[in-house]
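Data first, discussion second: the structure below is written as structure tokens.
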Amino acid sequence: MTGTARHTLIEDAQGLAYGATMAAVAIVLLTHLGLVTGQTAGLAVLISYATGWTFGVVFFVINIPFYYLGYRKMGLAFTVKTFVAVASLSGLTLWLPGYFAFGAVNPWMGAVIFGLMSGSALLALFRHGASLGGIGILGLILQDRFGWRAGWVQLGFDVILFSVALTILEPASVAVSFLGAVVVNLVIAINHRRDRYIAT
Amino acid sequence: MSDPSHHSLIEDTQGIAFGVCMAAVGTHVLTHMGFVAGQTVGVAALLSYATGWPFPALYFAVSLPFLWLGWRRMGPRFALKTFIAVAALSLATALLPRWLEFERINPAFAAILFGALFGIAALAVVRHGGSFGGLSILWLLVQDRTGFQAGYAQLIFDALLFAVAALFLDWHVLGWSFLGAVVFNLFLALNHRRDRYIAT
Chain Z
15 MTGTARHTLI
25 EDAQGLAYGA
35 TMAAVAIVLL
45 THLGLVTGQT
55 AGLAVLISYA
65 TGWTFGVVFF
75 VINIPFYYLG
85 YRKMGLAFTV
95 KTFVAVASLS
105 GLTLWLPGYF
115 AFGAVNPWMG
125 AVIFGLMSGS
135 ALLALFRHGA
145 SLGGIGILGL
155 ILQDRFGWRA
165 GWVQLGFDVI
175 LFSVALTILE
185 PASVAVSFLG
195 AVVVNLVIAI
205 NHRRDRYIAT
Chain C
838 MSDPSHHSLI
848 EDTQGIAFGV
858 CMAAVGTHVL
868 THMGFVAGQT
878 VGVAALLSYA
888 TGWPFPALYF
898 AVSLPFLWLG
908 WRRMGPRFAL
918 KTFIAVAALS
928 LATALLPRWL
938 EFERINPAFA
948 AILFGALFGI
958 AALAVVRHGG
968 SFGGLSILWL
978 LVQDRTGFQA
988 GYAQLIFDAL
998 LFAVAALFLD
1008 WHVLGWSFLG
1018 AVVFNLFLAL
1028 NHRRDRYIAT
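Protein chains in written order, with our numbering: chain Z, 15 to 214; chain C, 838 to 1037.
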């Protein structure tokens, strides 16, 4: 077994691979159902619906300004890992539809599964020193600086995002999306504990 | 925040609920593709393909006898959590196909997805003090009685299981099933670390 306190390169690589793959499947499910979500990915989904541009491209572009913030506040390793995670997620969402597609999905069930998948993806990325972009970085900075739980900061951003979504989507879709966002944030709020998962 | 070293009832509940949902999606992928796997889920899948009986009932029936062993070897809390996880997964695998369908899945991606989904599910349930079935307990008891390493017993059993599967299944399907089993086992081997995730 490797040392307890630090992840090896291989361990971080598999953590990032898990996070990017699970997040990509979650985004495929989300957009299959025409739902939105919170955070940077939610912003990209919303822009994608409004403009018709592909999620993978929009998500990749939106994240570019945040790398400088990430580098200043969280260091080089975090920024490189976040870039790898964001680029992998963008690439996977462009590539995946040729190999994997959902059929009929109950929207409520789909929202819960989306929430669990993307929650565990984010948790894996956080535990391996990465994130999925801008708002996640902001949440982590606020958690480390002020002890605010990253889950609550993200919820605040989501409220604004969902208000905008109401002008584009059916109210029923926004309600189902809200369930998914609650599940994501609950998974993070309950399980993102540096005092329990102690390796970095 | 709650005590870092012990999970509360709510924390255990969400951990096991997460595991059951992810395992249900993973099992759905497995049976959709006609793949087999190792251990209890693999036995149930193989029996289901051979007899035509429904997977959920077989999985529940195969797991039940081992709960008593689990109680004796690991205590009543472990046995109760395992019973809840097994019963909930049986129910979830029976219901999920009504609410979530796949249109197409590339077999290589299906194998990786199954391994990742079942890996994260097993990790969550084990970290919250339960399990998804009995066979691993049997190998621990064999180790107690005879000194024969549980890891080897598990490996030999899975090798036999795949050998039997070779009589029923196309070798392509067998190969992809093997890839899924490798991803699952690598995921658990790398991430199941009691020295890193310290809460019980």
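Glycine included, each C-beta is placed from N, C-alpha and C at the ideal position.
For a quick check, are the C-beta atoms of residue i and residue j less than 8 Å apart?
i: residue 142 of chain Z; j: residue 46 of chain Z; result: no
i: residue 797 of chain C; j: residue 1025 of chain C; result: Lying outside 838 to 1037, the shown extent of chain C, residue 797 of chain C is not represented and no answer is given.
i: residue 941 of chain C; j: residue 115 of chain Z; result: yes
i: residue 995 of chain C; j: residue 958 of chain C; result: no
i: residue 135 of chain Z; j: residue 49 of chain Z; result: no
i: residue 923 of chain C; j: residue 897 of chain C; result: yes
i: residue 883 of chain C; j: residue 1001 of chain C; result: yes
i: residue 966 of chain C; j: residue 920 of chain C; result: no
i: residue 77 of chain Z; j: residue 54 of chain Z; result: yes
i: residue 1013 of chain C; j: residue 929 of chain C; result: no
i: residue 887 of chain C; j: residue 899 of chain C; result: no
i: residue 179 of chain Z; j: residue 191 of chain Z; result: yes
i: residue 991 of chain C; j: residue 973 of chain C; result: yes
i: residue 850 of chain C; j: residue 969 of chain C; result: no
i: residue 97 of chain Z; j: residue 113 of chain Z; result: no
i: residue 1016 of chain C; j: residue 945 of chain C; result: yes
i: residue 64 of chain Z; j: residue 182 of chain Z; result: yes
i: residue 109 of chain Z; j: residue 193 of chain Z; result: no
Per DSSP, what are the beta-bridge partners of residue i in this structure?
i: residue 115 of chain Z; result: C:941
i: residue 211 of chain Z; result: C:1034
Would you grab the beta carbon distance between residue i and residue j for me? Rounded to a whole angstrom, and I think it's under 8 Å.
i: residue 809 of chain C; j: residue 926 of chain C; result: Residue 809 of chain C is absent from the model: chain C starts at 838 and stops at 1037.
i: residue 1028 of chain C; j: residue 960 of chain C; result: 6 Å
i: residue 842 of chain C; j: residue 1037 of chain C; result: 7 Å
i: residue 198 of chain Z; j: residue 129 of chain Z; result: 5 Å
i: residue 906 of chain C; j: residue 988 of chain C; result: Not a contact, Cβ separation roughly 18 Å.
i: residue 234 of chain Z; j: residue 1032 of chain C; result: Since the first and last residues shown for chain Z are 15 and 214, residue 234 of chain Z lies out of range.
i: residue 936 of chain C; j: residue 120 of chain Z; result: 4 Å
i: residue 1021 of chain C; j: residue 1011 of chain C; result: About 16 Å; that fails the 8 Å criterion.
i: residue 162 of chain Z; j: residue 169 of chain Z; result: Contact flag wrong, Cβ pair sits at about 11 Å.
i: residue 137 of chain Z; j: residue 201 of chain Z; result: 7 Å
i: residue 127 of chain Z; j: residue 43 of chain Z; result: 7 Å
i: residue 938 of chain C; j: residue 118 of chain Z; result: 5 Å
i: residue 37 of chain Z; j: residue 187 of chain Z; result: Not a contact, Cβ separation roughly 21 Å.
i: residue 69 of chain Z; j: residue 16 of chain Z; result: Going by Cβ atoms, the distance from residue 69 of chain Z to residue 16 of chain Z rounds to 36 Å, so no, they are not a contact pair.
i: residue 853 of chain C; j: residue 962 of chain C; result: 6 Å
Measuring from the CB of residue i, is there a heavy atom of the ligand FMN at a distance below 7 Å?
i: residue 19 of chain Z; result: Ligands in the displayed structure: none, and consequently the ligand FMN is not present.
Q. The segment 111–127 of chain Z: which residues have C-beta closer than 9 Å to a C-beta of chain C, in chain order?
A. 112, 113, 114, 115, 116, 117, 118, 119, 120, 122, 123, 124, 126 and 127
Q. Would the segment 157–175 of chain Z and the segment 850–867 of chain C be scored as touching if the rule is three or more Cβ pairs under 8 Å?
A. no
Q: Note down, in chain order, all residues in the segment 17–30 of chain Z with a beta-carbon under 7 Å from any beta-carbon belonging to chain C.
A: 18, 25 and 28
Q) Going along the segment 31–56 of chain Z in order, which residues come within less than 8 Å of chain C, judged by CB to CB distance? A) 32, 35, 36 and 39
Q.
Check whether the segment 21–35 of chain Z and the segment 101–114 of chain Z are in contact - that is, three or more C-beta pairs closer than 8 Å.
A. yes
Q. Should the segment 908–921 of chain C be called in touch with the segment 200–210 of chain Z, which here means at least 3 C-beta pairs below 8 Å?
A. no
Q.
Against chain Z, which members of the segment 919–942 of chain C pass a CB distance test of less than 7 Å?
A. 936, 937, 938, 939, 940, 941 and 942
Q | Segment contact flag, the segment 51–60 of chain Z with the segment 969–984 of chain C, C-beta cutoff 8 Å, min 3 pairs | A | no
Q: Report the residues of the segment 1026–1037 of chain C with a CB closer than 9 Å to any CB of chain Z, ordered along the chain.
A: 1027, 1028, 1030, 1032, 1033, 1034, 1035 and 1036
Q: Select from the segment 943–955 of chain C all residues with a C-beta closer than 9 Å to any C-beta belonging to chain Z, and list them in chain order.
A: 943, 945, 946, 947, 949, 950, 953 and 954
Q) When the Cβ atoms of the segment 68–77 of chain Z are set against those of the segment 144–151 of chain Z, are three or more pairs found closer than 8 Å? A) yes
Q) Going along the chain, which residues of the segment 850–861 of chain C sit with their C-beta nearer than 7 Å to a C-beta in chain Z? A) 851, 855, 858 and 859
(Q) Residues of the segment 954–984 of chain C in Cβ contact with chain Z at a cutoff of 7 Å, in chain order, please. (A) 957
Q. Got a sec: which bits of the segment 887–918 of chain C sit with their beta carbon under 7 Å from any beta carbon on chain Z, in order along the chain?
A. none
Q. Residues in the segment 127–158 of chain Z with C-beta within 7 Å of chain C's C-beta atoms, listed in sequence order?
A. 127, 130 and 134
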